[in-house]
Every structure is written in C-alpha cells, then in structure tokens.
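Take a look at the structure set out below.
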Amino acid sequence: MESISIKTAEDIAGMRVAGKLASEVLDYITPFVQVGVTTGELDRLCHEYMVNVQGTIPAPLNYCPPGYTPYPKAICTSVNDVICHGIPGDKVLKSGDSVNLDITVIKNGYHGDTSRMFLLGEPSILSKRLNQITYECMWLGISKIKPGAYLGDIGHVIQQHAEKAGYSVVREFCGHGIGKVFHEAPQVMHYGKPGTMEKLEAGMIFTVEPMINAGRREIRAMGDGWTIRTKDRSLSAQWEHTVLVTETGYEVLTLSAGYPPIPDYIQLV
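Per UniProt numbering, the sequence shown runs over residues 1 to 269.
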C-alpha cells in the first residue's frame, strides 16, 4: 500500500499558500454565481483569475489519471443531481439550482483543493437542508482530526450525521492526500467505523470532502467520462477543505476572508 507522506515545514508553508489561493478563487467567483450565468462562463472567469491575477495553474485542466480522458476545463461545476466532476459548458443556472464549484490551484508546485456549494434564487427547503447537513458533515469530520486519531473516526461521524438526517453517503469517491501530487495516499472515506484505517500523524495533509445524496447513494457515470450523477436523480451536495494534521489537532488550509461562517459547535484548534 502506498505510504502516506509526512510534509516538511517547507511543504506545509507551500500548502498554506496554495490552499488560501484556492479559497480566494471561490471568494472571487461568488458574486458571479447568479441566475442566468452559464457554468462555462464561471469556468472562464475562474481560469482567467487563476492565471492572470494569482499566477496559479488550474490543476484540473488536462488532468488525466489512468483510464480517463484529459479533463477539459479549469474547474468542476456540479449542478443539482451531479455528485462531482461536472464539466462546465453551456448549462444556464436557474433559480432553485444548487451548484458545487470545485477549485484546485497549483502554486510553486503545491496543490490547494477546496469546494463550496452555491444555492441560486429561491432554493427548495430540501436543497437548503441538504446543503446545511453536508456542510456540518464536513466540519464534524474535520473536528475529529488530531494525531493518534484514525481515518475511520472521520468517516464514522460523517456517515452518522448524514444518515441520521435521512441522507446517504457516496462511497465511490472520497477525500485524498495532497501536496506536490494532486491525489496521493491516504484515501479519506466519508463512512466507516471509529478506530479503523490509518492512524493520523502530525504533518499529514489531506482533503475532507463528503458527497451527500438526498436519496440513495448509488451513482451513474455519464458518457463524457467524468460527470457523476445520482442514480435516482436525487439532489447531491459536497463541501471540501484541505486540512493539515498538527501536533495538537488540525489546521484548515483552505480558509479565506469570504468563507461561510463555521458552525458554532465546531471549535477551531
């Protein structure tokens, strides 16, 4: 099994910069996420901001893991029943839509990875509740991170919270280690049992990015080779942060000035 890298002080400093820049792309694009905009326009704006303002590289563009075709855009735009990896294009956002914007930038060789949900116009009660529960799932998972804890602790609290609300957790996609490599060990499952899987150590960096479905957890892959939807066409939501395991707990690397309020019951350490 691939070993989990422990980041050096230099690595951590580089990841702090990349993480903040990724989150600042979402701050920048927020005013443009409006009824009537196309997902392609959001991609264009983010791409130009990354390259021309930040001097960053959009990591998804031409990203091509084994078995895939190269990803053709700078960001992922996953609307309504799209779980993840939605490709920006001609789709016009309308009132009631929910969209996840997933941003990964590369700065000085380091990857910063984060995503947020946006609810447009007059979202349904179901959409608002799913969004809130998913946001809470992410933060509850993050709150379990500290040296000596286990990856299973993160997955367990996420699964418990989602299923108590009547929702389901996507199993086929998960969080991941990250650094100079976009996706590396460990895999961070969003379900599981406490005290299982890898033990956490200071210096690990990985994403926590639960994908929560309003209906069943089963997925279906679209013909473009990337887009993943809920099989039962129910709504899906996702939030994502990149997190460092510190000597005493955790540090979220993808916070920025425009980030939504953190739930009151989450104690940042």
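Glycine residues also receive a C-beta, built at the ideal position from the N, C-alpha and C atoms.
Comparing alpha-carbon positions, the option among Val181, Gln187 and Ile178 lying closest to Glu172 turns out to be Gln187. For Ile142, the three-state secondary structure derived from DSSP is helix. For His47, the enclosing alpha helix (DSSP H) covers residues Thr39 to Glu48.
Spanning the alpha carbons of Asp11 and Glu122 requires a straight line of approximately 43 Å.
Setting aside the 5 residues that flank it on each side, Ile87 is surrounded in the same chain by Pro72, Lys73, Asp224, Trp226 and Thr227, each with a C-beta closer than 7 Å to its C-beta; the list follows chain order. Between the segment 53 to 65 and the segment 33 to 40, the count of Cβ pairs shorter than 8 Å is below three; the stretches do not touch. It is roughly 19 Å from the alpha-carbon of Pro263 to the alpha-carbon of Asp27.
Counted as a single uninterrupted DSSP element, the alpha helix (DSSP H) harbouring Arg16 occupies residues Ala9 to Ile29. Using a C-beta cut-off of 8 Å, the segment 253 to 261 makes contact with the segment 13 to 21, since at least three inter-stretch Cβ pairs fall below that distance.
Non-local beta-carbon contacts of Val35 in its own chain, meaning distances under 7 Å to residues more than five positions away in sequence, involve Leu93, Lys94, Ser95, Leu120 and Gly121 in chain order. Non-local beta-carbon contacts of Ile6 in its own chain, meaning distances under 7 Å to residues more than five positions away in sequence, involve Glu201, Gly203 and Met204 in chain order.
Here DSSP, grouped into helix, strand and coil, assigns His183 to coil. About 6 Å separates the Cβ atoms of Val245 and Pro147, confirming a contact at the 8 Å cut-off.
Judged by DSSP secondary structure, Ala165 falls outside any beta strand (DSSP E); it is assigned neither H nor E.
In this structure, Ser236 sits near Val82, with a CB-CB distance shorter than 8 Å. Assigned with DSSP and collapsed to three states, Phe32 falls in helix. In this structure, His111 is the residue among His111, Lys128, Gly166 and Arg229 with its C-alpha nearest to the C-alpha of Val181. Here Gly152 really is in contact with Met197; their C-beta atoms are around 5 Å apart, less than 8 Å. In the structure shown, the three-state DSSP call for Lys128 is helix. For the segment 79 to 111, the continuous beta strand (DSSP E) assignments of 3+ residues that do not extend past its boundaries occur at 82 to 84 and 98 to 107, in sequence order. In terms of Cα proximity to Gly141, the closest of Gly215, Ala162 and Asp43 is Ala162. Contact annotation: Asn108 and Gly14 have beta-carbon atoms nearer than 8 Å. Between the alpha carbons of Gln238 and Glu136 lies a gap of roughly 11 Å. Around the Cβ of Pro60, a 10 Å sphere holds 16 or more other Cβ atoms; the residue is buried. Shown here, Asp113 sits in a strand according to DSSP, grouped into three states.
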